[in-house]
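Numbering (my numbering), first residue to last: 64 to 479. Remarks on the structure that follows.
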Ligand SMILES: C[S@@+](CC[C@H](N)C(=O)[O-])C[C@H]1O[C@@H](n2cnc3c(N)ncnc32)[C@H](O)[C@@H]1O
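Structure below.
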């Protein structure tokens, strides 16, 4: 494959001007969003005819930078397979820093992303893609065959928890499904110094983290907030929801990810008590994400699940805001407090604060606000390092920071 920017698509005979324009428009948008920087990755996005993996879909939707069509939903209504959005695919491929000729493993298939990986790795490169779902691997095979990428991509139906030992080692492993842990196979099938890009869920929030292998540990080299469908199979570990308001259509719940089971009955009572506010004096621009302050809050505070609420709950005034990711909520017995914000006199700037409920609501709101102030004073300009160590590593061999213990690993979030 020719990886120079603007190279001729493999399917150039069949590509229409409109399709090519759609790809160009998508690439322009991805560059604007900051998701695409590397010209070789941009060339891959200009080349792969992703709409062929999405039959029946409008071209403008198939090439929408943020469009992630769901292709399968399980009996509980959870989305379990999708074609990831171009923005997320570009972000992960950039994080992987792929060089021509590399050997790559993708966990979670679909075909499109494997084709991008094959483009970036070039003719001498090799891609193995693994999915647990035979319907997905069949779809991926059909797409890769139709587009000619089957020459460089091997599709396997298996539980990606175990990697794909038959083609190991890999220079890069790109996981395209949300993982709560890093199974040993991913570490051991990765070459020393190789990169593992994985949407890692830590205390309810998922970030796609680029890790570099350093012996038996992985050390982060950047991360980005994202959303992915949850892992199935041996590594399945889903968050649970503790409802604190269950009126139909306006449910409010706490997403638990290793957090202690809350006293939901007491929290329901607390929610009906008047709210109290605390304000931090810390401000954010309107287009500035809460993700960094939230990462500090979850690093600093112990019992901080995310509160999820239906828009109707906000419309009825039960909660101040809703967010698809959830709002960090400090819980203590029958009281809780969650992050909020209010407009300031400055145009398009918001002040962070907290809303408390229950007998200890004011104290908890104040505690959250103190940590927002600590973040602003000491951490706002820094990003933490995330390290992954094997389970069983003694405490005194771990860096100090927020520790998340999983079955296979001890994950630490270390702030400078
Ligand atoms: C977001 S989709 C992958 C998107 C894909 N990479 C693309 O090209 O757009 C996530 C996939 O992960 C798969 N999956 C879930 N658990 C898995 C596991 N344990 N091993 C392998 N695949 C898994 C699902 O079947 C689903 O197809």
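The C-beta atom is built at its ideal place from N, Cα and C for all residues, glycine as well. On a predicted model such as this, the values are computed, not experimentally measured, just so you know.
Measuring CB to CB, does residue 390 end up less than 8 Å from residue 402?
Counted from its first residue, the chain shown places residue 390 at position 327. Counted from its first residue, the chain shown places residue 402 at position 339. With respect to the 8 Å criterion, residue 390 and residue 402 are classified as neighbours on the basis of their beta carbons.
DSSP on residue 171, reduced to helix/strand/coil?
Your numbering for residue 171 matches position 108 in the chain shown. In the structure shown, residue 171 sits in coil (DSSP, three-state: anything other than H, G, I, E or B).
How close, in whole Å, do the beta carbons of residue 399 and residue 421 come, if the pair is a contact with beta carbons under 8 Å?
The sequence position of residue 399 within the chain shown is 336, counting from 1. The sequence position of residue 421 within the chain shown is 358, counting from 1. At roughly 6 Å, the Cβ-Cβ gap stays under 8 Å, so residue 399 and residue 421 are in contact.
Could you tell me whether the Cβ atoms of residue 510 and residue 270 are closer together than 8 Å?
Lying before the first or after the last residue shown, residue 510 is absent from the chain, which here runs from 64 to 479.
Given this structure, state the Cα-to-Cα distance separating residue 292 from residue 315, to the nearest angstrom.
Here residue 292 is taken as the residue at index 229 of the chain shown, counted from 1. Here residue 315 is taken as the residue at index 252 of the chain shown, counted from 1. Computed Cα separation, rounded: 21 Å.
In three-state terms, what does DSSP make of residue 468?
For the purposes of this step, residue 468 is taken as residue 405 along the chain shown, with counting starting at 1. It is a strand residue.
Could you give the residue range of the beta strand (DSSP E) that holds residue 316?
Locating residue 316 in the chain shown gives position 253, where the first residue counts as 1. Residues 315-319.
For residue 158, is the beta carbon positioned less than 7 Å from some heavy atom of ligand 1?
Along the chain shown, read from residue 1 onward, the residue named residue 158 stands at position 95. It does not: the Cβ of residue 158 is nowhere closer than 7 Å to a heavy atom of ligand 1.
In terms of residues, what are the limits of the beta strand (DSSP E) holding residue 291?
For this step, residue 291 is matched to residue 228 along the chain shown. Run containing residue 291: none; DSSP gives neither H nor E here.
Can you check which of these residues, 339, 176, 338, 357, is closest to residue 347 by C-alpha distance?
The residue labelled residue 347 in the question sits at position 284 within the chain shown. Considering only alpha carbons, the answer is 357.
Give a yes or no on whether the C-beta atoms belonging to residue 319 and residue 307 are separated by under 8 Å.
Here residue 319 refers to the residue found at position 256 of the chain shown. Here residue 307 refers to the residue found at position 244 of the chain shown. Contact: no.
If the criterion is Cβ atoms closer than 8 Å, does the pair residue 302 and residue 239 meet it?
Counting from one through the chain shown, the residue named residue 302 turns up at place 239. Counting from one through the chain shown, the residue named residue 239 turns up at place 176. Their beta carbons are not under 8 Å apart, which means residue 302 does not touch residue 239 by this criterion.
Give the C-beta separation of residue 451 and residue 245 to the nearest angstrom, bearing in mind that I take them to be a contact with Cβ-Cβ under 8 Å.
Against the chain shown, residue 451 aligns to sequence position 388. Against the chain shown, residue 245 aligns to sequence position 182. Contact flag correct, Cβ pair sits at about 5 Å.
Could you check whether the stretch 432-439 touches the stretch 359-368, counting it as contact only if at least three pairs of C-beta atoms, one from each stretch, sit closer than 8 Å?
yes
Taking only three categories from DSSP, how would you classify residue 302?
Taking the first residue of the chain shown as 1, we reach residue 302 at position 239. Three-state DSSP puts residue 302 in coil, outside helix and strand.
Among 296, 417, 146, 295, which residue has its Cα nearest to the Cα of residue 344?
For the purposes of this step, residue 344 is taken as residue 281 along the chain shown, with counting starting at 1. When 296, 417, 146, 295 are compared, the shortest CA-CA separation from residue 344 is found for 417.
Do residue 133 and ligand 1 come close, with the Cβ less than 7 Å from some heavy atom?
Sequence index remark: in the chain shown, residue 133 carries index 70 (1-based). Not so, every heavy atom of ligand 1 lies at least 7 Å from the Cβ.
Return the first residue and the last residue of the beta strand (DSSP E) that residue 354 is part of.
The count along the chain shown starts at 1 and reaches residue 354 at position 291. That residue, residue 354, is in no beta strand (DSSP E); its alpha helix (DSSP H) goes 354-363.
Report, in whole angstroms, the separation of the C-beta atoms of residue 369 and residue 392, which I expect to be a contact under 8 Å.
By one-based count along the chain shown, residue 369 stands at place 306. By one-based count along the chain shown, residue 392 stands at place 329. With 8 Å as the limit, residue 369 and residue 392 qualify as a contact, their Cβ atoms being about 7 Å apart.
Please name the residue in 442, 443, 475 whose C-alpha comes closest to that of residue 457.
Indexing the chain shown from 1 puts residue 457 at position 394. It is 475 whose Cα lies nearest to the Cα of residue 457.
Should residue 228 be listed as close to ligand 1, given that the test is whether its C-beta is under 7 Å from any heavy atom?
Counted from its first residue, the chain shown places residue 228 at position 165. Because no heavy atom of ligand 1 lies under 7 Å away, the Cβ of residue 228 does not count as near it: no.
Please state whether DSSP places residue 241 in a helix, a strand or coil.
One-based indexing of the chain shown puts residue 241 at position 178. DSSP places residue 241 in strand when its eight states are reduced to three.
Quick check on residue 197: does DSSP put it in helix, strand or coil?
Taking the chain shown and counting its residues from 1, one reaches residue 197 at position 134. DSSP places residue 197 in helix when its eight states are reduced to three.
Expressed to the nearest angstrom, what Euclidean distance is found between the alpha-carbon atoms of residue 79 and residue 445?
Residue 79 sits at position 16 when you count from the first residue of the chain shown. Residue 445 sits at position 382 when you count from the first residue of the chain shown. Residue 445 has its alpha-carbon roughly 46 Å from the corresponding atom of residue 79.
Between residue 295 and ligand 1, is the CB less than 7 Å from at least one heavy atom?
For the purposes of this step, residue 295 is taken as the residue at position 232 of the chain shown. Under cutoff, so the answer is yes.
Which word fits residue 279, buried or exposed, when buried means at least 16 other C-beta atoms lie within 10 angstroms of its C-beta?
Looking up residue 279 in the chain shown gives position 216. Exposed, because fewer than 16 other Cβ atoms sit within 10 Å of the Cβ of residue 279.
Quick check: is any heavy atom of ligand 1 less than 7 Å from the C-beta of residue 144?
Walking along the chain shown from the start, residue 144 turns up at place 81. Residue 144 Cβ: within cutoff of ligand 1.
Runs of 4 residues minimum, wholly inside the stretch 327-409: which ones carry the alpha helix (DSSP H) assignment?
As far as the stretch 327-409 is concerned, its whole alpha helix (DSSP H) runs of at least 4 residues are 327-335, 354-363, 374-378.
What first and last residue would you give for the beta strand (DSSP E) that runs through residue 271?
Position 208 of the chain shown, counted from the start, is the residue given in the question as residue 271. That run of the beta strand (DSSP E) goes 268-277.
If you draw a straight line from the alpha carbon of residue 174 to that of residue 202, how long is it in whole angstroms?
Translated into the one-based positions of the chain shown, residue 174 becomes position 111. Translated into the one-based positions of the chain shown, residue 202 becomes position 139. Going by the C-alpha atoms only, they are around 7 Å apart.
Evaluate contact between the stretch 177-195 and the stretch 119-127, counting only Cβ atoms and requiring at least three cross-stretch pairs below 8 Å.
no
Name the residue from 290, 289, 272 whose alpha carbon lies nearest to the alpha carbon of residue 283.
Here residue 283 is taken as the residue at index 220 of the chain shown, counted from 1. Residue 283 has its Cα closest to that of 272, out of 290, 289, 272.
Is it buried or exposed, residue 194, if we count other Cβ atoms within 10 angstroms and call 16 or more buried?
To locate residue 194, count along the chain shown from 1; it is residue 131. If you draw a 10 Å sphere on the C-beta of residue 194, you find 16 or more other C-beta atoms in it, and that means buried.
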